[in-house]
Structure formats: C-alpha cells, structure tokens
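In mature numbering (1 follows the signal peptide of the UniProt record, and there is no 0), the protein residues as written are -22 to -1, 1 to 742. Working notes, beginning with the structure itself.
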C-alpha cells in the first residue's frame, strides 16, 4: 500500500510539466480501497494529490462517494494519460455530454377512478402512503412557483430526508416546501466545457431554477400536485396532476444550455442517493457504451443496491433500429406512445380536398380566404426544409409555405417562414417520421401532417398551376382511436450493449403531454417566442419516463418492501399490447403492427401493476453474476459494483439467464439452435395461488416450458420454471427476427413476458 501511494505521488509531481496544455474535465475512476491511511477521507486524498499538479487549487471539481468511486477534475490530456498509469486508477475518461430526450394522462392510465386500486386498501390509503415516497428528478431544474408544487394539505417532510434547498441569485431556499422538498444544481462540468474554467463568470446563473422548461415539465409529470383548469392557451383544458400527486419531489439541476455533462450527472446522482430519494428519474441519455463506461449505468447500480428505482428515457432516435440509450438491466428503459387525445387542424386545398393534421397554434388564424401555396423542392436547395436563410421573401410573402420535416426543429421552420413574410405553414412528414403527428405551439398558423397526406399535398403544390390553401384549427378532441400508438421517434431495439436483455422495457404516454412549464422561457424555446404559460404541451421519451417514475412511486408506496426489480417486474408483466380498438399496438412510423423492440412488454397499466400476482425479483448478487457473464474483467465489474473482492466465482453461462421479466433469445449459429433459460417467480398475491402457462411462438421456433403449472402455497414463496427454445433447422436462412410470449395466468392475474428471437445476421 505504501509503495503504491509513493508511485502515485511521483506521477502527480510530474504532472505540472504539462500544465500549459488545454484543460478539460475528466472523470477519474479510483480503486476506492487504495486510499493511504494517512488521509482521513477520500476527498482529502484526491484534493491533496491534485494540488501538486499546479498552483490551481481548484482543479478537483467533484468527489464521488456513492454513485461512483472517484472524482472529476480539470486536467490536460497528458496529465490524464499519466494518471492512467497508476494502479490506484481504474480508468480516466473524458467527460461525456448527454442530451435531454425531449392533463389527459391520469385518465388515460385509469388513475382518475376513486375505486380501490390497491387490494384491501382505498385510494386515500395509497395517497397517504405516497407522502413518504420521494421522487428525485435529474434535469434542467425547477420553476418552484408553479402550482404543480403547491404543498397544501401535505404532512411534514419525512425525517429521513437529508436533502436541502440551495439558494442562488434567482432562487431563495424558502421556495421549497412540503411538496418540493429539495432543489440542487451541479454545473462544474458544464462550466469547464463552456468556459475552460468553472471559476469564470458563467453564462447561466448557477441555481436550481429552470430556465429551459424541461425539468419543470418532467418533475410535475412524475409527482405534480393537482391543478384545476390547467391548459396550454386553451388547449387540453382540465385538471393537471402528476402520476403520484401526493409524493414528494426533489430536483437536481444537471442540464444546462449546452447539454448534460456526465460529471454533473454523477454528482447529482451521488447527492440524490445520499439525500434519500426512493425513485430517480432521468429523461436524458447518450449513446450505447459498455456498462463500465456508462456513468448513468454505474450510478444507477448503486441506486438499485440502495433500494432506489431508476427510470430513464429510451431516447428519441426512432424509428432507427438499435438506437436505444440507457439499456442496463437495473434501469427501467421507457419508450413513448400516444394518448387518446389530439389537437386537430386542417388544410383545405384549392382542389377542394381537406386534410387533417395537428397543431397547437393559438393565435388569430389566417381567416377563411385561400392563399397561394408554395413548395420549393430543388436538389440544390434546402428551402423545402425551411432552413434558416433558405427562403426568398419575394417568393414567400403573404403565402402558405409547405415545409418538409427534418434537420431543424419543427417550430423553427415556422419561424423561418414567418421571418420571410409567410402567413402559414404546412409541415409534412417524410419517410423518416412516417405517420407520426406531434403537435407544436407554432409561431404562425401551421398544421403538421403525416407522410401520406404530405405526399398528396406535395403533388398538388408542384403540379397545380395555381395551388392554394387555407389552414383552420379544431382545438381539443378526446377518445381518439386507435390509441395508444408507439411514437415514431421512440428509440428501438435490439439492445446492442447486451442483446440478451430485451429493451425497451415498456412504453408510456410521451406524445403531446401537458405539464407545468417554466415562465422564464417561451413555449417553443426559440428566442423570438415571447409567449409565456404556466403549462406546456411537449413530446418525447423525456415525457414518458417521468410517467413511469411516478407510477413506480405509487408502487413503492403500496409495497414498500418490494425491491426495484420487483417494481419493474410488476410494471412490465401487467403491461398491455392491444389498443382501445382491441387490436394489436401499432407503430406510428409506418402504421404496421408494433413489436417488443419498439414497445417492450407493452404499455403500462398502473391499476394492474399494483396487484401483479407474481414478480421476477433480481438481487444485487444476480446482477453481479450477469456482469461476470459478459466477460468483463474483474476491474470492469468492480467499477460498476464498487466492491474490492469481486471474483466472478459465480456467473451465468449466458447473460440471458438473468431473472429478467422478458426474454431475448439469440440463435448465434447453425449449431446453436437450442437456448434454455430458468426463471424464478415470487408470489406477491394470495396464498394458494395456482398459475398455468400459455405460450405463443413463431412457427420456426418450438417453445417448451416445464413445469406448465405452478402452485404457490404461501405469500412470498418462490417457484422456478425452465423454458427451452428450439429453432427449426434452416430457420436462419429465412428469419431475421420473430416474436412471441410466455404468460402465467389464473382467473385473477396474467403475468406476461414478451420474447424476441433473433438470428446472428441481425446483429452482425
């Protein structure tokens, strides 16, 4: 130990030789147990060591103790390289930038009923139990004055809470209350990236206040209080409420104008774990990296081990295949679907054809008189995309402009049209977004239409000698059918980090969601947009994630003894895969039937999740065995689980052996046509429950489950079953992917798991 400390010190003494090079933020992962005894704390060790780098005594940005073992520091590349040579250092990584995955919902999910959702208890009992559940939201901060954080009628804050409300130039600590019980900000990584030194004057005020709107929207979606007569400028009028309206909220501002930096996210997770949150909600993410390089996955592992449920957005890179973020099995990965509510708008063309789209435009409109329609589709121009500077005012002034969706923001296109003198816009989808319709608060009269309608309007605009159009608006429509539909933007599987774990896990409401908003920013976030509102309607897996976070809070209130994996299992195995027309869920990208790579186990059903009957539970030791099966080095596994003596003595023969509530079956080659997994179910329903299995399987795969009947004599009893999947010979020549299911059921409960089958050429 002394020799190691000596050489680590020698390396640090050499580092000032390279201090002239440009510095940036690095996250340094340390062997937590190599700390010399001469230092009282790890912070002292890191701080004293880094002070020898240069005269800059503030190069240490963060010390991580729970979510991560190590620190974030301002280093130049040579200093980082020398640190990598120390045995005390597991890894040195450049800071990563993550991106945000940007009233009707409770009714749509069945949460408006006064019936007893929780077996043996009333809704009032569940509300009271929710008072002890704390939802931590890592995002862009919070607008504390919002009515969604009103604490009227709430009891005292749980005594176990260790968080606080930070003060700042624009944020008084007294703004927190019994509802919003914590608000912190973490900006050192952001400042280092944007300024070169976090000590220089920042462009953004360092405080928990939300000047973007995203964080206020997500936190109020998860656990906002009831607010009557909420709307966006008259759209979606009704009572706004979070999924767990009686739970507490703690916000951690880790996202700034240039993104969400991994060093700040880790600091936020580290603090939230210590503060005592029960649920962590992160509507952000990046690409897919091995779990030992994924800061969110590493932080979430510690959270899971402490009993904290972690919910993350799947990403908005759909419908592209294998575009998922946040795929670790201890994270709930959430995709997005539509609600049964819409905001219709109409385009009436000069040929008398009337097409329906969507819009949240709230101005005076363009009247009923048709005006000339312009669509410029030239191969050497970006005017069809309505990019900034692409439109000629002489050709646009006083006309309706057709713009293709893509490249720049949808609302920005309307701003470009308005700046060029246009008085209206038809925003048409292309093949990339298919038939998905996302409503926006446009700056001028505008309607968004799907690809098929868009193609008809394009044809008319390009070939009619005098094309005209007029745009009108239909406000809010409920009970839309079919719904839900999987959003085209929702990221898709397969899971490229670990193909044997099926992701996403579920979908939730994520299209045209009304929730609280920051009054520091306009409705669209564009500089020229001066409209302000206490609520806004936006879309993304960023919106679906906090729905599931709030539902997890309800489940933790109802079942405080459940582990995070039990909560996840309950939400997954009770999800539904048919829409309100009783047809299979469809995909907005192309209108075809969806599959588990798009919707996971299905759309969440909170009423059923409160009483799932059986759960697939997973312990920390199970996750370690899973990590060892990935052929990670001991150092890689230690980096995630933060234990010094992990030996991988126990590991699965196949990562798919993890007791996960879904199946992803890989037939790797012609010789491996048989895959067998064992699962264990825990009875959380009544004693004496008996379940029988039902299997659906594609014709080229035979699925055998043994036993076919499970008897649970006691509550908490565990029973195992084995499922064997046998691919027919030659199936790999004709099949790329197929899907099925395994369902255990009795008259009271249905416990369903999706199964995805893939042949090797799919992931080559």
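Where is the CB? At the ideal position from N, CA and C, for every residue including glycine. As the structure is a prediction and not an experimental result, all values here were calculated from the model.
Q. Taking all protein chains shown into account, do 16 or more other C-beta atoms lie within 10 angstroms of the C-beta of residue 611, making it buried, or fewer, making it exposed?
A. Within the chain shown, residue 611 is the residue found at index 633, counting from 1. Looking at its Cβ environment, which holds fewer than 16 other Cβ atoms inside 10 Å, residue 611 is exposed.
Q) Skipping 5 residues on each side, what residues in its chain have a beta carbon closer than 6 Å to that of residue 545? A) Within the chain shown, residue 545 is the residue found at index 567, counting from 1. Answer for residue 545: 287, 530, 533, listed in chain order.
(Q) Looking at residue 501: is its Cβ nearer than 9 Å to the Cβ of residue 511? (A) By 1-based counting over the chain shown, the position of residue 501 is 523. By 1-based counting over the chain shown, the position of residue 511 is 533. Contact flag set, yes.
Q) DSSP beta-bridge partners for residue 464? A) For the purposes of this step, residue 464 is taken as residue 486 along the chain shown, with counting starting at 1. 315, 565, per the DSSP bridge assignment.
Q. From 311, 363, 455, 6, pick the residue whose C-alpha is nearest to that of residue 576; which is it?
A. Sequence index remark: in the chain shown, residue 576 carries index 598 (1-based). Comparing C-alpha distances from residue 576 to each of 311, 363, 455, 6 shows the shortest one belongs to 311.
Q: Could you tell me whether the segment 241 to 254 touches the segment 132 to 152, where touching means 3 or more Cβ pairs closer than 8 Å?
A: yes
Q: Can you grab the Cα-Cα spacing for the pair residue 283 / residue 598, in whole Å?
A: The residue given as residue 283 occupies position 305 in the chain shown. The residue given as residue 598 occupies position 620 in the chain shown. Computed Cα separation, rounded: 6 Å.
Q) For residue 216, which residues does DSSP report across the bridge? A) Position 238 of the chain shown, counted from the first residue, corresponds to residue 216. The partner list for residue 216 (beta bridge, DSSP) reads 208.
Q: Kindly give me the distance between the Cβ atoms of residue 703 and residue 643, rounded to whole angstroms, as I take these residues to be in contact under 8 Å.
A: Numbered from its first residue, the chain shown carries residue 703 at position 725. Numbered from its first residue, the chain shown carries residue 643 at position 665. About 5 Å; that satisfies the 8 Å criterion.
**Q.** When 321, 305, 146 are compared against residue 209, the one with the closest alpha-carbon
**A.** In the chain shown, the residue the question calls residue 209 occupies position 231. For the options 321, 305, 146, the alpha carbon positioned closest to that of residue 209 is the one of 321.
Q) Is it right to say residue 263 is buried, meaning 16 or more other beta carbons lie within 10 angstroms of its own, or is it exposed? A) On the chain shown, residue 263 is found 285 positions in, with the first residue counted as 1. Classification for residue 263: buried.
Q | First and last residue of the uninterrupted beta strand (DSSP E) at residue 527 | A | Locating residue 527 in the chain shown gives position 549, where the first residue counts as 1. No beta strand (DSSP E) contains residue 527, which is instead part of the alpha helix (DSSP H) from 519 to 536.
Q. Residue ranges of each beta strand (DSSP E) run of no fewer than 3 residues wholly in the segment 109 to 193, ordered along the chain?
A. 112 to 117, 158 to 163
Q: Please check the pair residue 734 and residue 645, which I expect to be a contact at CB under 8 Å, by giving their CB distance rounded to whole angstroms.
A: The count along the chain shown starts at 1 and reaches residue 734 at position 756. The count along the chain shown starts at 1 and reaches residue 645 at position 667. Separation of the CB atoms of residue 734 and residue 645 is rounded to 12 Å, and the pair is thereby denied contact status at 8 Å.
Q: Identify, in the order they occur along the chain, each residue of the same chain with its Cβ nearer than 6 Å to the Cβ of residue 366, setting aside the five sequence neighbours on each side.
A: To locate residue 366, count along the chain shown from 1; it is residue 388. For residue 366, where only same-chain residues beyond five positions count, the Cβ hits under 6 Å are 394.
Q: Going by DSSP, name the residue or residues bridged to residue 38.
A: Here the question's residue 38 lines up with position 60 in the chain shown. According to DSSP, residue 38 bridges with 51.
Q) residue 422 lies in the beta strand (DSSP E); which residues open and close that run? A) Position 444 of the chain shown, counting from 1, holds the residue named residue 422. From DSSP, residue 422 is part of no beta strand (DSSP E); its letter is neither H nor E.
Q.
Which of the three DSSP states is assigned to residue 439 in this structure?
A. Reading the chain shown from its first residue, position 461 is the one you call residue 439. Three-state DSSP puts residue 439 in a helix.
Q: Kindly indicate the opening and closing residues of the beta strand (DSSP E) around residue 447.
A: Indexing the chain shown from 1 puts residue 447 at position 469. For residue 447, the uninterrupted beta strand (DSSP E) run begins and ends at 446 to 451, by DSSP.
Q.
Cutting at 6 Å between CB atoms, please list the residues of its own chain near residue 493, excluding the five before and the five after it.
A. As a position in the chain shown, residue 493 is number 515, starting the count at 1. Hits under 6 Å: 195, 198, 199.
Q: Helix, strand or coil for residue 588, going by three-state DSSP, please let me know.
A: Counting from 1 along the chain shown, the entry for residue 588 is found at position 610. Residue state, collapsed to three classes: coil.
Q. Looking at the structure shown, is residue 280 part of a helix, part of a strand, or coil, going by DSSP?
A. Taking the first residue of the chain shown as position 1, residue 280 is located at position 302. Here residue 280 sits in helix by DSSP.
Q | Inter-stretch contact at 8 Å, needing at least 3 Cβ pairs: the segment 557 to 575 / the segment 406 to 414 | A | yes
Q.
Assuming the contact rule is C-beta atoms closer than 8 Å, residue 354 and residue 362 should be a hit. Round their C-beta distance to whole Å, please.
A. Numbered from 1 along the chain shown, position 376 holds the residue referred to as residue 354. Numbered from 1 along the chain shown, position 384 holds the residue referred to as residue 362. Between residue 354 and residue 362, the beta carbon gap of about 6 Å places them in contact (Cβ cut-off 8 Å).
Q: Could you check what DSSP says for residue 270 in three-state terms: helix, strand or coil?
A: Position 292 of the chain shown, counting from 1, holds the residue named residue 270. In the three-state reduction of the DSSP assignment, residue 270 falls in the helix class.
Q. Roughly how many angstroms lie between the CA atoms of residue 732 and residue 328, to the nearest whole one?
A. Here residue 732 refers to the residue found at position 754 when the chain shown is read from its first residue. Here residue 328 refers to the residue found at position 350 when the chain shown is read from its first residue. Going from the Cα of residue 732 to the Cα of residue 328 covers about 49 Å.
Q) Are the segment 37 to 47 and the segment 466 to 485 touching by the rule of at least three beta carbon pairs closer than 8 Å? A) By the criterion of at least three beta-carbon pairs nearer than 8 Å, the segment 37 to 47 is not in contact with the segment 466 to 485.
Q. Under three-state DSSP, which class holds residue 95?
A. Counted from its first residue, the chain shown places residue 95 at position 117. The predicted model places residue 95 with a pLDDT of 46, which falls under 50 and marks its position as unreliable; any figure quoted below should be read in that light. Residue 95: coil per DSSP, three-state reduction.
Q) What number of angstroms, rounded off, separates the C-alpha of residue 103 from the C-alpha of residue 11? A) Taking the first residue of the chain shown as 1, we reach residue 103 at position 125. Taking the first residue of the chain shown as 1, we reach residue 11 at position 33. In a straight line, the C-alpha of residue 103 is about 45 Å away from that of residue 11.
(Q) On a Cα-Cα basis, can you pick out the residue from 416, 629, 686 that is closest to residue 778? (A) Residue 778 lies beyond the stretch modelled for the chain, which goes from -22 to 742, so this question has no answer here.
Q.
Just to confirm, is the Cβ distance from residue 191 to residue 495 under 9 Å?
A. Sequence index remark: in the chain shown, residue 191 carries index 213 (1-based). Sequence index remark: in the chain shown, residue 495 carries index 517 (1-based). Their beta carbons are under 9 Å apart, which means residue 191 touches residue 495 by this criterion.
Q: Measure the C-alpha to C-alpha separation of residue 460 and residue 467 and round it to an integer number of angstroms.
A: Within the chain shown, residue 460 is the residue found at index 482, counting from 1. Within the chain shown, residue 467 is the residue found at index 489, counting from 1. Between the alpha carbons of residue 460 and residue 467 lies a distance of about 18 Å.
Q | Simplified DSSP assignment, three categories, for residue 79 | A | Taking the chain shown and counting its residues from 1, one reaches residue 79 at position 101. Coil at residue 79, not helix or strand.
Q: Can you check DSSP and say which residues form a bridge with residue 727?
A: By 1-based counting over the chain shown, the position of residue 727 is 749. Beta-bridge analysis with DSSP links residue 727 to no other residue.
Q. First and last residue of the alpha helix (DSSP H) that includes residue 612?
A. The residue labelled residue 612 in the question sits at position 634 within the chain shown. Its alpha helix (DSSP H) spans residues 612 to 619.
Q: Report back the beta-carbon spacing between residue 24 and residue 243 to the nearest angstrom; my notes put them in contact at under 8 Å.
A: As a position in the chain shown, residue 24 is number 46, starting the count at 1. As a position in the chain shown, residue 243 is number 265, starting the count at 1. Contact doesn't hold; Cβ gap of about 19 Å is too wide.
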